[in-house]
Amino acid sequence: MYSKKRSLQFFSYFLVVILLSSLTISCDRGTNAPYKRLRDYIGTIKVINTHEHQRQPAEYAGQKHNFYTLLAHSYLQSDLVSAGAKPLRSKLVNQGNLDQLWEKYGQYLDFSRNTSYYSHFLVGFKVLYGLNEPYFTKEAVGSLSEKIAENYSHREQWYDEAVREAGFEVMFLDQYWDNFNVDIDNKYFALVFNINQLVRSTSLRSKMTEKEAPEDQNIYKLAQRDGHPIKTLDDYLAYADKLFQKFLDHNTVCLKNSLAYGRSLDFEYIPYEKAKILFAQPASLISEPEKKALQDFMFHWAIQKSIEVGLPIQIHTGYLAGNGNTLENSRPTKLNNLFLRYPKATFVLFHGGYPWTGEYSALGKMFPNVYLDIVWLPQISREAAVRGLDEMFDGVPYNKFFWGGDCHFIEESVGALEFGRDVVAQVLAGRVKRGLMTEEVARDVALKIFRENALRTFKLEERMNRSF
Ligand SMILES: [Zn+2]
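So the mapping is simple: my numbering equals the position in the sequence shown, first residue as 1, plus 644.
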């Protein structure tokens, strides 16, 4: 009797174990176990973030902050404008009347609840502020504004906490608003030399207005101040050499250009003799095609210089931020002639070339010196990033990918990173489930994208004189 009861007990225990393990197996198979494991692993990687526009604390000293201060500097604002809102005015934002601001912008925020710009912005607040709502509501915006004001009242401490919470080890800083500044906080940032102004200014000689270049962005005034007045193209190039040296002395890790915001990415080869003659003419007398030719010459010069000093060049391709531009200017295949002409240069193409992700991927596949940075793509369209990256993984070896955030505030960068991690985990988990990749290799791919590819390609240990 006793032993029969024991064996019955044992049998039911055995049944429960079988039932539970078959349940676990079916969950594992049908759902997201590889995704979850990969996502958890990716969360442990100390991230090398290859592109940011974070402003330094001192620039915002004394300013009051609320939810709309961050919104006004976020990508999401463009979706509100796209939905019909007026751009956020800093005067209204700084007054901080939250009722009035919600009255004016609340419905446009609501219309944007479907977009990736909206979701990634929201996720940043979930991670850093513990926001527990599916959407921004008037009440949520009110309580977030209080916390934002509190955090930004001790901004340096807040910044430090947020960077640590996110898992950023270093962020590449592109100061497109202050191209020639080399004085940055090395605790968080690696210096990027944005060459937009250097290229553009060749065609603006003696005509540069304050709008085209503020005092400290006016290369002619800077050169004059440094005792190297620019009269000829040779003077210009000699001063450009000095600027390169200044950036190298401050451990710059790469060049960057986002010239597609103002012109086409088609950079024709212009011989030095032709550029010299064009440069000698007063800027007011040269035509638009001649201005383009001068800029083209200068960009080719910068590529040759990048080879000489061993710096990769990051190039904006695809979708242009804001609410009005010429999309075709940014088409990645316009750069094809440069890849053929300069096999020794290292080109890093940005943003998945969206919406030309296929063309972008093809360039990364064809050219050993063309690298792909999916920076910002998950925020533009999460689904385009998932589809695009999956397609890229079919074509392009995985030692050629990077990730960056491309944001002005740490809250948005944290949301960008969450989106980036999710996209990469989802694509890799899909490939594991379909038997295209082992989980071990998937982990290596993630580690390369978020960290190791950047360390190697940008020679960070050597360039930044620090160990990672
Ligand atoms: Zn950017």
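No residue lacks a Cβ here, since even glycine has one placed at the ideal position from N, Cα and C.
Quantities reported herein were computed from a predicted structural model and do not represent experimental measurements.
- A direct Cα-Cα distance of roughly 6 Å separates Val-1014 from Thr-990.
- According to DSSP, Met-1108 shares a beta bridge with no other residue.
- Here the residues close to ligand 1, judged by CB distance below 6 Å to any of its heavy atoms, are His-695, His-697, Asp-818 and Asp-1050 in chain order.
- The DSSP-derived three-state label of Gln-819 is coil.
- Relative to the Cα of Phe-765, the nearest Cα in the group Arg-808, Ser-734, Lys-730 and Phe-711 belongs to Phe-711.
- Assignment of Lys-988 by DSSP, reduced to helix, strand and coil, places it in the coil class.
- The straight-line gap separating the alpha-carbon atoms of Ile-1093 and Tyr-1042 is approximately 8 Å.
- For Phe-1046, same chain residues with a beta-carbon under 6 Å away, outside a window of 5 residues either side, are Thr-694, Asp-1017, Asn-1097 and Ala-1098 in chain order.
- C-alpha of Ser-845 to C-alpha of Phe-837: approximately 15 Å in a straight line.
- Where Thr-694 is concerned, the enclosing beta strand (DSSP E) starts and stops at 691 to 696.
- Fewer than three Cβ pairs drawn from the segment 920 to 927 and the segment 991 to 1006 lie within less than 8 Å of each other, which leaves the two stretches out of contact.
- Pairing Tyr-752 with Leu-724 gives a Cβ-Cβ distance under 8 Å.
- In terms of Cα proximity to Arg-985, the closest of Ala-1060, Ser-756 and Trp-945 is Trp-945.
- Looking only at Ala-937, Leu-732 and Pro-987, the smallest Cα-Cα distance to Glu-952 is reached by Pro-987.
- By the Cβ test, the segment 929 to 938 is not in contact with the segment 865 to 874, since fewer than three Cβ pairs between them sit closer than 8 Å.
- Counting along the chain, Ala-927 sits inside no alpha helix (DSSP H), nor does DSSP assign it H or E at all.
- Here Gly-687 is exposed. Its C-beta has fewer than 16 other C-beta atoms within 10 Å.
- Judged by DSSP secondary structure, Val-725 falls within the alpha helix (DSSP H) whose first and last residues are 720 to 727.
- Setting aside the 5 residues that flank it on each side, Val-1089 is surrounded in the same chain by Tyr-1042 and Leu-1072, each with a C-beta closer than 7 Å to its C-beta; the list follows chain order.
- For the segment 1000 to 1087, the full-length alpha helix (DSSP H) segments reaching 4 residues or more read 1001 to 1010, 1021 to 1024, 1026 to 1039 and 1054 to 1077 along the chain.
- Restricting attention to beta strand (DSSP E) runs no shorter than 3 residues, the segment 734 to 804 encloses none.
- For Asn-1097, the uninterrupted alpha helix (DSSP H) run begins and ends at 1097 to 1101, by DSSP.
- Beta-bridge annotation (DSSP): Asn-830 is not paired with any residue.
- Here the segment 811 to 824 makes no contact with the segment 907 to 921; the two share fewer than three CB pairs at distances below 8 Å.
- In the structure shown, Ile-951 falls within a helical segment according to DSSP collapsed to helix, strand and coil.
- Bounds of the alpha helix (DSSP H) holding Ile-686 are 677 to 686.
- Secondary structure note for Ile-863: its alpha helix (DSSP H) is the uninterrupted segment 863 to 869.
- Within the same chain, Cβ atoms closer than 6 Å to the Cβ of Arg-1107 are found at Asn-895 and Val-897, the five residues on either side in sequence being excluded.
- Listed as beta-bridge partners of Asn-838 by DSSP are Lys-900.
- Burial state of His-697 is buried, judged by a 10 Å Cβ sphere holding 16 or more other Cβ atoms.
- At a Cβ-Cβ threshold of 8 Å, Lys-918 and Ala-937 count as neighbours.
- The residue from Leu-892, Ser-789 and Ala-810 with its alpha-carbon nearest to that of Trp-746 is Ser-789.
- By the Cβ criterion, the segment 999 to 1010 is not in contact with the segment 1077 to 1084, since fewer than three pairs of Cβ atoms, one from each stretch, lie closer than 8 Å.
- According to the DSSP assignment, Gln-707 belongs to no beta strand (DSSP E), since it is labelled neither H nor E.
- Judged by DSSP in its simplified three-state form, Ile-1093 adopts helix.
- Here Gln-721 is buried, its C-beta having at least 16 other C-beta atoms within 10 Å.
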